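Novice: Take a look at this one; I'll ask things after.
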Amino acid sequence: MSDSKAARVPSAYQKLLDELPRTGPGTRAGEMLRRYWHPVCLSEKLKDIPMAVRMLCEDLVAFRDGKGRPGLLGIRCPHRLASLEYGQVRDDGLMCSYHGWRYDAEGRCIDQPLEPRDSDLKNKIRHLWYPVQEWRGVLWTYMGPDKESPPPLQKIDVLARTDGEVKLVDGDMRNYNYLNWMENFADMGHSTVLHGLLIRDVPEELKPYNDYSIKNWTPLPLEHVETDFGMKTVSVLDTGDPEVKFVNAWSLAIPIHWRFSGIRSGFPPDFTDERQEGGGMIRIIDDTHFELIRYNLFRKGNFPGPFTFGLPSDLKGTAERKAYDKRKYSGWEGVPALEDLVLQESQGEIPDRKLEHLATSDRGVITMRRIWHQAMEDVANGKDPKGVSRTDNGSLEVDTFHGHVRVSALKIGPENMPSSRDGGGLIRDKDGKLVFA
Amino acid sequence: MSDSKAARVPSAYQKLLDELPRTGPGTRAGEMLRRYWHPVCLSEKLKDIPMAVRMLCEDLVAFRDGKGRPGLLGIRCPHRLASLEYGQVRDDGLMCSYHGWRYDAEGRCIDQPLEPRDSDLKNKIRHLWYPVQEWRGVLWTYMGPDKESPPPLQKIDVLARTDGEVKLVDGDMRNYNYLNWMENFADMGHSTVLHGLLIRDVPEELKPYNDYSIKNWTPLPLEHVETDFGMKTVSVLDTGDPEVKFVNAWSLAIPIHWRFSGIRSGFPPDFTDERQEGGGMIRIIDDTHFELIRYNLFRKGNFPGPFTFGLPSDLKGTAERKAYDKRKYSGWEGVPALEDLVLQESQGEIPDRKLEHLATSDRGVITMRRIWHQAMEDVANGKDPKGVSRTDNGSLEVDTFHGHVRVSALKIGPENMPSSRDGGGLIRDKDGKLVFA
Amino acid sequence: MSDSKAARVPSAYQKLLDELPRTGPGTRAGEMLRRYWHPVCLSEKLKDIPMAVRMLCEDLVAFRDGKGRPGLLGIRCPHRLASLEYGQVRDDGLMCSYHGWRYDAEGRCIDQPLEPRDSDLKNKIRHLWYPVQEWRGVLWTYMGPDKESPPPLQKIDVLARTDGEVKLVDGDMRNYNYLNWMENFADMGHSTVLHGLLIRDVPEELKPYNDYSIKNWTPLPLEHVETDFGMKTVSVLDTGDPEVKFVNAWSLAIPIHWRFSGIRSGFPPDFTDERQEGGGMIRIIDDTHFELIRYNLFRKGNFPGPFTFGLPSDLKGTAERKAYDKRKYSGWEGVPALEDLVLQESQGEIPDRKLEHLATSDRGVITMRRIWHQAMEDVANGKDPKGVSRTDNGSLEVDTFHGHVRVSALKIGPENMPSSRDGGGLIRDKDGKLVFA
């Protein structure tokens, strides 16, 4: 695809590029992923019917027993391989509809009604199972080899909040590798280009700044910082007051969480302190499919206007849909979530990263790959990877600063920024004029 | 899919499990299947247009010449590989539409209109053909290596009957291996579980028995017996009279025939002698597709009520279809034919039988596999397999007993039960109460 | 597929048969194809939106820059592999929407807005590109290794004409190998069979001849002649006047052009001199897909009636569509373009030519394969293949004679026939009766 000389990718890095997107059991990256808790579905979606779920390339069935307790089992009954998706919910477990073998949530076979009364065959059967927890409207599972004594569930700070209302939106299914998404997030530089293609709803007073930004493709100043939870990208913009900066931090918690904090994500001309406390997580289905589950905290002090998150339901941007545009997505420009979908999907189901030509602007991507690589190494060496702790309380605290900060309080390192609870309004210089970096 | 220790499947049995579902030429099971006659289509479906049919993994074309004589040829013209599906019916054969090469029903090339008049090229061409017979509304073929002198057509006893009306129903296409179906039939134990999930149309007076049966999952007493034609499963239930038993036999004739004899198949609480004389056969398309062709004899003494056989056309059971049920088959429970479809399909296109954990209740399946295995061995050793005879009249007589029988007349062995023509009514004990095993 | 003894295909020929249909880079046939100019799309279809096009198994993007200049690049941006189908047209090239890397039509990277101002990384990037030319309403490209100095564009004589109006029709997409089409054209013998299946619109006065022709499948006398541009098939039919013959020539210019000259293509009973000057070319997408682009010259002296070319939009022939006809194409007979589609497609995506049984009537196909083979050999040996010249003016002149000619002027050899501009009307013998060969 390039006339350039074949990039000389060192063989160890080439091997890593091949391994990175794999999610199945037995793969190096898949084993790393199995050391973290993963969302299975929203609690409200799992009712009195078993539900097939594919997780990390494994076909499973989620169910609630008659008492409402959730379980997660291998989808095929180990007896004659019928699918437990068509099993029957029973008080104490899930029964295969074919011959009645019944399993509890830990995979124990608790009945085989067609076997002789004195048979102990059922005691020899242990079906594939994974532990589940329900917390804050989400069903979570842990698929690691230490599933009998897993590390504590990583409780996302935003979801844990009680000073507002958390809304969750699921169902945004993608047909490509989850790393296309993650690398997009680790690479905030793309925003001034991709999300600057069309900006139609800029207030009149900001148009001059916006035009300037578009015309000059001003790259954002970005720092990529490894943290306890993963990494964050920090942007520090000058304001009219040399003692005050406008700062934004976007964070990724390895391996599936992202955090978003600004209405316009802090890109010029956004100097509003109006805050968004939200983000999301990925349900990895297999190497080429994932689902996005987004969440947002609605509370006093956060952005009060009409707020939608995720894709527009008609997958339409604000650009004109031309009759002769035969592409899958026509008129796609103008909505950031759709712009990201289109570009990520266009990279291919699993991009052949050996063909890439990375540049300075890819430092975020490189940082992320280094962190993923270290986690894979740690797991291969029998250690817990970044973000997994056996001793902490399992809370997942992620830096989400967005707003103005005094230079003396600036923290670009791995520690979290000060809270932005009191921020507000646009920044104006001493003459009352809007300013930007 | 199981946390149990990997079943130690002996390598010879493992090899058999891999071979069993194969149907193509050159496979051990496929060669066995080619020693029997197979249904191609209902006679009425083959009119004046060639019809593509895939049989045992081979792409063929069925046709009638201008005189109505049927033929079965390889689908691609051996000249330039155009499909004879688009050929033209001629008085004496089928003509390829591309260059006019014409074939008779035995694959002889009888014209090549674009070749020189004195060319003898056509005499050197012999196209792939299989012998066909039309009998009782069905077109049959024999695809064995001895197709020039095949064994006599196995004439199904029910179809041969003239004391009633035989109805045939085709078109029930399945997208999985035919053995999922056959093993389901060899394993009648599943019925009390799967077909007992929902029983809504039980007469009031039978409800107590039914409830008891459902609550206790009473397994049926089942005997599996190898016979001349294949195997039968026999269930003997006690009645109020110790001298009288209620007996049911379900039969499989290797490799594609099944026989059904009772309205409710003789499962509790069915002690009616009302008889069904029907069954069906499988048109094996390839390893993962087959078509069911069912037949039934309607005559005096057989079940007189409204009778439908096969799947409900809307693939709906009697269970509620819940709005949040996103499974392929929602509300599927309550109709046995649909229940069987759902469970068989759920086992997978070709189940990986090495992952099974067989139990006592799988004796029927094991019996069937043993019979199939012996037939494969016989064919590999140059012998005719079970059910094939060069000297008999080719009739296929299958035990289909259903009803009450005196203990002195009980025959659980391979011989057929006495005819049930005179049976009738529900069984009551000395006090006039309904009885069951 | 045949009971005949396996044809003993010599291994070198067998190798050729396998290689012939391949079109991708690195294949022997694909490398041969890359020494010719190929149509990419009609000019009018390429507007201000990038358009993904697959050519010879390569995924490319066609675009016009802001000044309307066309370009053809590899579809994936070499930076992070995003698709340039979603790129943005800029004045001087095409910009990737993800990070703004911008390319000119020769694949030079002319901007990387997120890189440091003093970076020279962009000078090290050269993206895959192919030269394009626009001529007579078609965008053409050359994908050979000598793309920097390609041979001149082969300018099709009919398209170059200015004494009439040329109409182009694109969009006839096929799901099989392009050679199925080419071999059909090289084999005009098929016409009396395939296109004679149903002839409903024969004028009353011609019916007697037509009936005779159909009944006797009179093969056409056909000569296959290798020419400078490829090959032509010549048919010479007797007329009532021994000094006058009725002649038709159908031509193929290697590797993708065909030429058609008669309304009824000169098959009996067509002795009209009414001329068609048209033909078409193939856009090879990959091994199993191609698009037909047809053209026709409308001018005084050419067939004046209503004229349609290509497939009927409803893919319906003139034959009855029977309710029980379940074939993909029912009622397909009667329209030659549809008849050809049906039979070509029926040969399979890539026919397994080793199973063929060629005959005398396949001399045209054999001639064509020999020419293709020689061209592949020439390219493998570093020579320009047939039809490619570095020194000529690049015009593609193809014999398209159709009509009556005096015996003294007959040219069956590679040279072109005399112009048929003055022909006209049906031929009648001395008694005023219609004549034919």
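Protein chains in written order, with numbering that gives the first Met the number 0: chain W, 0 to 436; chain F, 0 to 436; chain Z, 0 to 436.
Note that CB positions come from ideal geometry on N, CA and C, so glycine has one too.
Source: prediction; values computed, not measured.
Please classify residue 38 of chain Z as buried or exposed, where buried requires at least 16 other C-beta atoms within 10 Å of its C-beta.
Specialist: Burial call: buried.
Novice: Return no unless some Cβ of chain Z is closer than 8 Å to the Cβ of residue 189 of chain W.
Specialist: Residue 189 of chain W counts as touching chain Z.
Novice: Tell me the DSSP secondary structure of residue 459 of chain W in three-state form.
Specialist: Any question about residue 459 of chain W goes unanswered here, given that chain W covers just 0 to 436.
Novice: Count the other CB atoms, across all protein chains shown, that sit within 10 Å of the CB of residue 19 of chain W; report buried if there are 16 or more and exposed otherwise.
Specialist: Residue 19 of chain W should be labelled buried.
Novice: Rounding to the nearest angstrom, what Cα-Cα distance links residue 301 of chain F and residue 276 of chain F in this structure?
Specialist: So the two alpha carbons sit approximately 7 Å from each other.
Novice: Starting from residue 51 of chain Z, trace the alpha helix (DSSP H) both ways and give me its first and last residue.
Specialist: It is not in any alpha helix (DSSP H) - residue 51 of chain Z instead sits in the beta strand (DSSP E) that spans 50-54.
Novice: Determine which residues of the region 43-69 of chain Z have a Cβ less than 7 Å from any Cβ of chain W, and write them out in chain order.
Specialist: Of all residues in the region 43-69 of chain Z, 46 and 48 have a Cβ within less than 7 Å of some Cβ in chain W.
Novice: Is residue 153 of chain Z helix, strand or coil when you go by DSSP?
Specialist: Here residue 153 of chain Z sits in coil by DSSP.
Novice: Can you name the start and end residues of the alpha helix (DSSP H) that residue 374 of chain Z belongs to?
Specialist: Here the alpha helix (DSSP H) through residue 374 of chain Z covers 362-379.
Novice: Which of helix, strand or coil does DSSP assign to residue 10 of chain W?
Specialist: Residue 10 of chain W: helix per DSSP, three-state reduction.
Novice: Report the residues of the region 72-90 of chain Z with a CB closer than 8 Å to any CB of chain W, ordered along the chain.
Specialist: For the region 72-90 of chain Z, which is checked against every Cβ of chain W, the residues closer than 8 Å are 73, 74, 75, 77, 78, 79, 80, 81, 82, 84, 85 and 87.
Novice: Expressed to the nearest angstrom, what Euclidean distance is found between the alpha-carbon atoms of residue 432 of chain W and residue 411 of chain W?
Specialist: In this prediction, residue 432 of chain W has a pLDDT of 44, which is less than 50 and means its spatial position is unreliable; what the coordinates show is noted afterwards. Each residue's alpha carbon lies about 28 Å from the other.
Novice: Please compile the residues from chain Z whose C-beta is within a distance smaller than 7 Å of the C-beta of residue 106 of chain F.
Specialist: Within chain Z, the residues near residue 106 of chain F are 2.
Novice: Does the region 119-126 of chain W come into contact with the region 72-79 of chain W, if we say contact requires no fewer than three beta-carbon pairs (one atom in each stretch) closer than 8 Å?
Specialist: In short, these stretches touch, since the Cβ pair count reaches three.
Novice: For the candidate residues Z:174, Z:415, Z:189 and Z:341, whose alpha-carbon lies nearest to that of residue 311 of chain Z?
Specialist: Ranking the options by Cα distance to residue 311 of chain Z, first place goes to Z:341.
Novice: So if DSSP puts residue 295 of chain Z in a beta bridge, which residue, or which two residues, is it bridged to?
Specialist: In the DSSP output, where bridge partners are listed per residue, residue 295 of chain Z has Z:166 and Z:277.
Novice: Which residues in chain Z sit within 8 Å of residue 378 of chain W, going by Cβ to Cβ distance?
Specialist: By Cβ distance, chain Z contributes nothing, its closest Cβ being about 27 Å from residue 378 of chain W, past 8 Å.
Novice: Measuring alpha carbon to alpha carbon, tell me which of Z:106, Z:397, Z:333 and Z:415 ends up nearest residue 196 of chain Z.
Specialist: It is Z:333 whose Cα lies nearest to the Cα of residue 196 of chain Z.
Novice: Buried or exposed, going by whether 16 or more other CB atoms sit within 10 Å of the CB of residue 61 of chain F?
Specialist: Classification for residue 61 of chain F: buried.
Novice: Using only CA atoms, which one of W:45, W:63 and W:115 lies nearest to residue 361 of chain F?
Specialist: Closest by alpha carbon: W:115.
Novice: Taking C-alpha atoms, which residue in F:284, F:390 and F:386 lies nearest to residue 53 of chain F?
Specialist: It is F:284.
Novice: Roughly how many whole angstroms lie between the Cα atoms of residue 409 of chain W and residue 95 of chain Z?
Specialist: For residue 409 of chain W and residue 95 of chain Z, the distance between alpha carbons rounds to 35 Å.
Novice: Return the bridge partner residues of residue 335 of chain Z from the DSSP annotation.
Specialist: BP columns for residue 335 of chain Z are empty, so no partner.
Novice: For residue 98 of chain F, which residues in chain Z fall below 9 Å Cβ to Cβ?
Specialist: Going along chain Z in sequence order, the residues near residue 98 of chain F (Cβ under 9 Å) are 186, 188, 189, 192, 193, 358, 360 and 361.
Novice: Pair every Cβ in the region 231-250 of chain F with every Cβ in the region 373-383 of chain F, then say whether three or more of these pairs are closer than 8 Å.
Specialist: The region 231-250 of chain F vs the region 373-383 of chain F: no contact.
Novice: Confirm, please, whether the CB-CB distance from residue 228 of chain W to residue 386 of chain W is below 8 Å.
Specialist: Yes, the pair counts as a contact, with Cβ atoms nearer than the cut-off.
Novice: Taking the straight line between their C-alpha atoms, what separation do you get for residue 249 of chain Z and residue 133 of chain Z?
Specialist: About 27 Å.
Novice: Using 8 Å as the threshold, is the C-beta distance between residue 225 of chain W and residue 349 of chain W below it?
Specialist: In this structure, residue 349 of chain W does not lie closer than 8 Å to residue 225 of chain W by Cβ.
Novice: Which complete alpha helix (DSSP H) runs does the region 68-144 of chain F hold, if anything under 4 residues is left out?
Specialist: Correct list: empty.
Novice: Mind checking if residue 93 of chain W is an interface residue toward chain F, Cβ cutoff 8 Å exclusive?
Specialist: It does not; no Cβ of chain F falls within 8 Å.
Novice: Can you tell which of W:101, W:27 and W:193 has its C-alpha closest to the C-alpha of residue 89 of chain W?
Specialist: Looking at the Cα atoms, W:101 is the closest of the given residues.
Novice: Short of 7 Å in beta carbon distance, which residues of its chain neighbour residue 314 of chain F, apart from the five on each side in sequence? Order them along the chain.
Specialist: Contacts found: 328 and 337.
Novice: With a 10 Å radius around its C-beta and 16 neighbouring C-beta atoms as the bar for buried, classify residue 391 of chain W as buried or exposed.
Specialist: When all chains shown are included, residue 391 of chain W counts as exposed.
Novice: In chain Z, which residues lie less than 9 Å from residue 114 of chain F when you measure between Cβ atoms?
Specialist: Going along chain Z in sequence order, the residues near residue 114 of chain F (Cβ under 9 Å) are 218, 358, 359 and 360.
Novice: Suppose contacts are defined by Cβ-Cβ distances below 8 Å. Is residue 221 of chain Z in contact with residue 232 of chain Z by that definition?
Specialist: It is a contact, given that the beta carbons lie within the stated cut-off.
Novice: Do residue 296 of chain W and residue 281 of chain W have their beta-carbon atoms positioned less than 8 Å apart in this structure?
Specialist: It is not a contact, given that the beta carbons lie outside the stated cut-off.
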